[in-house]
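Asks: The structure under discussion is supplied below as structure tokens; questions concerning it will follow.
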Amino acid sequence: MNAKRSDHLATGLIYTFVAIVVLILFGLIGYILVSGVPHLSWHFLTTPSKAFAAGGGIRDQLFNSLYLLILTLIISFPIALGAGIYLAEYAPDNWVTSVMRTAIEVLSSLPSVVVGLFGYLLFVIQFQMGFSILAGAIALTFFNLPLLTRNIETSLSAVPNLQREAGIALGLSSWKTTTGIILPAAVPGILTGVILSAGRVFGEAAALIYTAGQSAPVLNYGNWNAFDPNSFLNPLRPAETLAVHIWKVNAEGIVPDIDAVSNGTAAVLIIVILIFNISARMLGNRLYNKLTSSK
Amino acid sequence: MDTFIAPTNLELAIETKNLEVIYGDNQAVFDSSLEFPRHKITAIIGASGSGKSTYLRSLNRMHDKSVTVNGQIIYRSVDINQPKINEYEVRKQIGMVFQRPNPFAKSIRNNITFALKKNGITDSRVLEERIETSLKEAALWDEVKDDLDKSALELSGGQQQRLCIARSLSLRPDILLMDEPASALDPISTEKVEATMRKLRKDYTIIIVTHNMQQASRVSDYTAFFHQGRVIEFNRTQDVFQTPHVKMTEDYISGNFG
């Protein structure tokens with residue numbers, strides 16, 4: 002086989018594989034959207050779900066998902082940022098560091114059901130938090146930390162060493178170099194990681210069934226007192242999310258319009274993740290341009 | 252090994268006494284004693300792996316803690332190679348320009364003001380004045396004065412390197428260390444950087460590492476020749492190139508090795 006032919010063959014193969022990936026992705030997303038979007042309506046988004054009758058919506062589940070995501074990011078992002086900075090900029094190259102890296106890798110491949118059961122035993126039962134958003138957010142933090150830490154570490158390490166030397170040579174400390182030069186340059190990579198992990202958190206069900214619970218008590222969106230049981234802000238109330246709702250409706254739902262509810266919910270889930278990804282990417286680019294004053 | 256170190260009898264900016272640099276089990280620089288006269292350009296030449304860059308980086312304490320640097324580095328009659336010396340202050344006095352241009356991913360303006368602000372200079376009049384003087388010293392002002400808010404990454408390689416020189420100068424250092432500053436540049440940019448160096452000699456002491464002997468002979472007043480981690484010869488540049496005292500220097504300069 003001559004070079005030209007093998008090149009053609011390899012290119013063809015690569016295109017085929019890309020086509021397979023694209024087909025699967027578009028097929029899945031298309032299927033979910035096509036079967037779900039017709040069920041969407043303002044009513045569906047703004048009505049609480051119903052246990053027995055048809056016509057229930059997903060108002061509380063949608064809010065719970067967003068609230069849980071925000072809480073999870075508030076807990077996990079600072080920890081992951083600190084750990085990522087340590088691993089990329091400060092960690093000496095020795096066995097302690099490599100044990101830490103291995104532990105992070107193991108944690109990242111932990112099945113989410115296990116994370117959920119662990120969260121159930123420790124937070125829900127032992128610490129008597131009950132099924133609550135907070136227990137769910139902490140469980141998701143365990144689930145989210147390894148990927149986020151690894152992502153922040155790689156984004157920081159991808160900034161060329163010459164940049165660090167430039168900072169050091171100007172008499173700046175490692176800390177000032179890291180926060181003033183390396184971190185701004187790593188923003189787009191870190192943001193991509195946050196988006197990816199946010200998508201995972203948003204779509205997670207197994208870990209939440211045992212921690213945030215499967216019930217959606219009626220919420221009062223006018224009650225801003227986070228300590229009131231019916232306040233939408235109360236982090237200690239049980240909270241069913243969109244993904245858990247899909248699972249529950251399909252597994253044990255007795256409403257007559259199961260298909261409509263579960264397809265519609267799945268479509269909302271996908272659409273929210275899409276909106277989140279696109280807007281976060283735009284925000285990230287703007288932030289990067291502002292920090293680095295490139296066009 | 253045969254060596255020849257000429258005395259300079261001039262006011263010195265910095266000197267090293269019996270300096271050695273050790274990476275783990277590997278010694279890169281042996282027993283090097285050199286004098287760098289004030290407001291002169293001294294070139295350090297030598298083959299790859301001769302220890303010249305390693306030596307240069309020890310002068311402003313750029314080696315991290317995994318590297319052992321023994322011996323004395325005398326700057327303003329103080330040995331700055333002691334643990335109690337604040338290496339951050341040393342680096343503000345002894346600036347460095349690297350082999351590849353490494354501007355920050357920031358605007359031209361912020362490239363220069365970043366370190367100043369972190370060092371507590373916030374008066375915008377002082378900052379503006381530093382931007383202008385530093386860029387003028389680095390012969391970049393005329394090319395960028397209307398685009399100070401443009402990203403430094405949009406400049407050409409040669410402009411980026413002159414920006415890096417300006418960035419070092421903005422801290423008003425005493426000495427400028429240059430580690431092969433033109434090796435990644437095209438001939439025209441190289442010429443601009445060299446012209447800048449000649450101008451800077453008036454106010455700064457420059458120590459430049461280069462593998463390019465023509466460059467050393469073009470820009471420097473003094474030349475040190477390194478071989479296998481040792482200083483082989485140090486003298487006025489024209490003497491090193493025209494009447495070398497050591498056979499090995501002569502061999503290197505005439506291209507017999509390296």
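Same order as they appear, the protein sequences are chains A and B.
Just so it is clear: in the first sequence, position 214 is 215 by our numbering, and no numbers are missing.
Just so it is clear: in the second sequence, position 129 is 380 by our numbering, and no numbers are missing.
Virtual Cβ for every residue (Gly too), placed ideally from N, Cα, C.
A quick note: this is a predicted structure, and the numbers were derived from the prediction, not measured.
By DSSP, does A/L149 sit in helix, in strand, or in coil?
Replies: Indexing the first sequence from 1 puts residue 149 of chain A at position 148. Looking at A/L149 - three-state DSSP - the assignment turns out to be helix.
Asks: Taking DSSP's pairing of strands, which residues face B/M347 in a bridge?
Replies: Mapped onto the second sequence, residue 347 of chain B falls at position 96. DSSP output for B/M347 lists B/L428 as bridge partner(s).
Asks: In angstroms, rounded to a whole number, what distance separates the CA positions of B/K450 and A/R151?
Replies: In the second sequence, residue 450 of chain B corresponds to position 199, counting from 1. In the first sequence, residue 151 of chain A corresponds to position 150, counting from 1. Rounded to whole angstroms, B/K450 to A/R151 spans 48 Å at the Cα level.
Asks: Along the chain, which unbroken stretches of the alpha helix (DSSP H) at least 4 residues long are found entirely within the segment 131–218 of chain A?
Replies: With a minimum length of 4 residues, the continuous alpha helix (DSSP H) runs that stay inside the segment 131–218 of chain A are 134–158, 162–170, 175–178, 184–204 and 207–210.
Asks: Any idea if B/V285 is buried or exposed, counting beta-carbon neighbours within 10 angstroms, 16 or more meaning buried?
Replies: Counting from 1 along the second sequence, the entry for residue 285 of chain B is found at position 34. In the sequence on display, residue 285 of chain B carries Leu and not Val. Counting Cβ neighbours within 10 Å, B/L285 comes out buried, since at least 16 surround it.
Asks: Return helix, strand or coil for B/V491, following the three-state DSSP convention.
Replies: Reading the second sequence from its first residue, position 240 is the one you call residue 491 of chain B. Helix, per DSSP.
Asks: In three-state DSSP terms, what is B/D330?
Replies: Taking the first residue of the second sequence as 1, we reach residue 330 of chain B at position 79. Correct three-state label for B/D330: strand.
Asks: Which chain A residues are close to B/M347, counting only those with a beta carbon under 7 Å from its beta carbon?
Replies: Here residue 347 of chain B corresponds to residue number 96 of the second sequence, with the count starting at 1. Ordered by position in chain A, the residues that pass the 7 Å Cβ test against B/M347 are A170.
Asks: List the residues of chain A whose Cβ lies closer than 9 Å to the Cβ of B/L427, in chain order.
Replies: Here residue 427 of chain B refers to the residue found at position 176 when the second sequence is read from its first residue. Those within 9 Å of B/L427 in chain A number zero; the least Cβ separation is about 11 Å.
Asks: In whole angstroms, what is the alpha-carbon distance linking B/Q465 and B/L399?
Replies: Position 214 of the second sequence, counting from 1, holds the residue named residue 465 of chain B. Position 148 of the second sequence, counting from 1, holds the residue named residue 399 of chain B. Roughly 34 Å between the two C-alpha positions.
Asks: Where does A/V107 fall in DSSP's three states?
Replies: On the first sequence, position 106 is the one that residue 107 of chain A refers to. Helix, per DSSP.
Asks: Of all Cβ atoms in chain B, is any one closer than 9 Å to the Cβ of A/Q164?
Replies: Sequence index remark: in the first sequence, residue 164 of chain A carries index 163 (1-based). Cβ-Cβ to chain B under 9 Å: yes for A/Q164.
Asks: Determine, for A/A104, whether the minimum Cβ-Cβ distance to residues of chain C falls below 9 Å.
Replies: Of the protein chains in the structure, A and B, none is chain C.
Asks: Tell me which residues share the same chain as B/S468 and place their Cβ nearer than 7 Å to its Cβ, disregarding the 5 neighbours each side in the sequence.
Replies: Here the question's residue 468 of chain B lines up with position 217 in the second sequence. Only T488 and F492 meet the Cβ criterion.
Asks: Our contact map puts B/R342 next to A/I169 with C-beta atoms below 8 Å; I'd like the distance itself, whole angstroms only.
Replies: Along the second sequence, one-based indexing puts residue 342 of chain B at 91. Along the first sequence, one-based indexing puts residue 169 of chain A at 168. About 7 Å separates the two Cβ atoms, so the contact holds.
Asks: Would A/T242 count as contacting chain B if we go by Cβ distances under 9 Å?
Replies: On the first sequence, position 241 is the one that residue 242 of chain A refers to. No - not a single Cβ of chain B is within 9 Å of the one on A/T242.
Asks: Tell me which residues of the segment 403–427 of chain B have at least one Cβ-Cβ distance to chain A shorter than 8 Å, keeping chain order.
Replies: Those residues of the segment 403–427 of chain B that come within reach of chain A (Cβ to Cβ, closer than 8 Å) are L404, E405, C415, R418, S419 and L422.
Asks: Secondary structure at A/G57, three-state DSSP: helix, strand or coil?
Replies: Position 56 of the first sequence, counted from the start, is the residue given in the question as residue 57 of chain A. A/G57 falls in the coil class under three-state DSSP.
Asks: Are the C-beta atoms of B/S309 and some chain A residue less than 9 Å apart?
Replies: For the purposes of this step, residue 309 of chain B is taken as residue 58 along the second sequence, with counting starting at 1. Chain A contact via Cβ: absent.
Asks: Got a sec: is the Cβ-Cβ distance from A/T155 to anything in chain B below 9 Å?
Replies: By one-based count along the first sequence, residue 155 of chain A stands at place 154. Answer no: the Cβ-Cβ gap between A/T155 and chain B never drops below 9 Å.
Asks: Can you tell which of A/T12, A/F27, A/I196 and A/L34 has the C-alpha that lies nearest to the C-alpha of A/V269?
Replies: Within the first sequence, residue 269 of chain A is the residue found at index 268, counting from 1. The residue with the shortest Cα to Cα distance from A/V269 is A/L34.
Asks: Can you confirm whether A/I182, when its beta carbon is compared against all beta carbons of chain B, has any partner nearer than 9 Å?
Replies: Here residue 182 of chain A corresponds to residue number 181 of the first sequence, with the count starting at 1. It does; some Cβ of chain B falls within 9 Å.
Asks: Skipping 5 residues on each side, what residues in its chain have a beta carbon closer than 8 Å to that of A/A281?
Replies: In the first sequence, the residue the question calls residue 281 of chain A occupies position 280. Excluding sequence neighbours, A/A281 sits near L192, V195, I196 and A199.
Asks: So A/L173 contacts chain B; which residues on that side make the cut at Cβ distance below 9 Å?
Replies: As a working note, residue 173 of chain A is residue 172 in the first sequence. Chain B residues near A/L173: Y339, R342, F365, A366, K369 and N370.
Asks: Taking 9 Å as the CB-CB cut-off, is A/L292 touching chain B?
Replies: Translated into the one-based positions of the first sequence, residue 292 of chain A becomes position 291. Yes, contact with chain B.
Asks: Looking only at its own chain, which residues have a Cβ that is under 6 Å from the Cβ of A/P257, when we skip the five neighbours before and after it?
Replies: In the first sequence, residue 257 of chain A corresponds to position 256, counting from 1. Closer than 6 Å at Cβ, skipping near neighbours: A55.
Asks: Could you check if A/A170 belongs to the surroundings of the ligand ZN, using beta carbon to heavy atom distance under 8 Å?
Replies: The ligand ZN is absent from the structure shown, which contains no ligands of any kind.
Asks: In chain order, what residues of the same chain have a beta carbon less than 7 Å from the beta carbon of A/V188, not counting five sequence neighbours either side?
Replies: For the purposes of this step, residue 188 of chain A is taken as residue 187 along the first sequence, with counting starting at 1. Excluding sequence neighbours, A/V188 sits near G285, L288, Y289 and L292.
Asks: Judging by CA-CA distance, which residue of B/S407, B/N361, B/P288 and B/I256 is the nearest neighbour of B/D437?
Replies: For the purposes of this step, residue 437 of chain B is taken as the residue at position 186 of the second sequence. Residue B/S407 is the option with its Cα nearest to B/D437.
Asks: Nearest chain A C-beta to B/K357 closer than 9 Å, yes or no?
Replies: Indexing the second sequence from 1 puts residue 357 of chain B at position 106. Closer than 9 Å to some Cβ of chain A, the Cβ of B/K357 qualifies, so yes.
Asks: Below 9 Å between beta carbons: does that hold for B/I457 and B/I426?
Replies: Counted from its first residue, the second sequence places residue 457 of chain B at position 206. Counted from its first residue, the second sequence places residue 426 of chain B at position 175. In contact: B/I457 and B/I426 (Cβ atoms closer than 9 Å).
Asks: With H, G and I counted as helix, E and B as strand and the rest as coil, what does DSSP make of B/R481?
Replies: Position 230 of the second sequence, counting from 1, holds the residue named residue 481 of chain B. Strand at B/R481.
Asks: Report the rounded CA-to-CA distance for B/T447 versus A/E166, giving the unit in angstroms.
Replies: Translated into the one-based positions of the second sequence, residue 447 of chain B becomes position 196. Translated into the one-based positions of the first sequence, residue 166 of chain A becomes position 165. Going by the C-alpha atoms only, they are around 22 Å apart.
Asks: In chain B, which residues lie less than 9 Å from A/P185 when you measure between Cβ atoms?
Replies: Taking the first sequence and counting its residues from 1, the one referred to as residue 185 of chain A is at position 184. Here the neighbours are F355, A356 and K357.
Asks: Any chance you could list the beta strand (DSSP E) runs of at least 3 consecutive residues sitting entirely within the segment 386–440 of chain B, in chain order?
Replies: Counting whole runs of 3 or more residues, the segment 386–440 of chain B contains the beta strand (DSSP E) stretches 426–430.
Asks: Would you say B/M499 faces chain A, with C-beta separation under 9 Å as the test?
Replies: Within the second sequence, numbered from 1, the residue matching residue 499 of chain B stands at position 248. No, its Cβ sits nowhere closer than 9 Å to a Cβ of chain A.
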